[in-house]
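Worksheet: the structure to be examined is printed underneath.
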Amino acid sequence: TAQKLDKLGMRGSDTCELVFENCFVPQENVLGEEGKGVYVMMSGLDLERLVLAGGPIGLMQACLDVVLPYVRQREQFGRPIGEFQFIQGKMADM
Numbered sequence: 148t149a150q151k152l153d154k155l156g157m158r159g160s161d162t163c164e165l166v167f168e169n170c171f172v173p174q175e176n177v178l179g180e181e182g183k184g185v186y187v188m189m190s191g192l193d194l195e196r197l198v199l200a201g202g203p204i205g206l207m208q209a210c211l212d213v214v215l216p217y218v219r220q221r222e223q224f225g226r227p228i229g230e231f232q233f234i235q236g237k238m239a240d241m
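Each residue of the sequence shown is one higher than the one before, starting from 148 at the first, in the working numbering.
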């Protein structure tokens, strides 16, 4: 491997650059056309990005499932905290 990539997300999954030098690949194992490998790789990345987005969306939905009932039930100063502008702003940020 060459250098490890510094990613913005998914830091628990290391990603490194692979370098192949003088590596023979039999013709039956070649994906796509010679010299066009980046197109094969990028087509897979589009699907990967879509699939990986599902995890954070599910986590955010689970957070909202817990927080929304809480801000409706929890009272402060005789009112549900969900009526306060600060809490509404926090909820909007979520």
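Backbone N, C-alpha and C fix where the C-beta goes; we use that ideal spot for every residue, glycine too.
Assuming the contact rule is C-beta atoms closer than 8 Å, residue i and residue j should be a hit. Round their C-beta distance to whole Å, please.
i, j, result
"Glu168", "Gln150", "At roughly 16 Å, the Cβ-Cβ gap does not stay under 8 Å, so Glu168 and Gln150 are not in contact."
"Leu211", "Met188", "At roughly 35 Å, the Cβ-Cβ gap does not stay under 8 Å, so Leu211 and Met188 are not in contact."
"Gly229", "Val218", "4 Å"
Beta-carbon separation of residue i and residue j under 9 Å?
i, j, result
"Met238", "Val214", "yes"
"Leu178", "Gly184", "yes"
"Pro227", "Gln220", "yes"
To which residues does DSSP link residue i through a beta bridge?
i, result
"Arg226", "Gln223"
"Lys151", "Cys163"
Can you give me the C-alpha to C-alpha distance between residue i and residue j, rounded to a whole angstrom?
i, j, result
"Gly205", "Met157", "15 Å"
"Gly202", "Thr162", "19 Å"
"Cys170", "Leu197", "32 Å"
"Pro173", "Glu181", "12 Å"
"Tyr186", "Leu152", "20 Å"
"Gln232", "Gln223", "13 Å"
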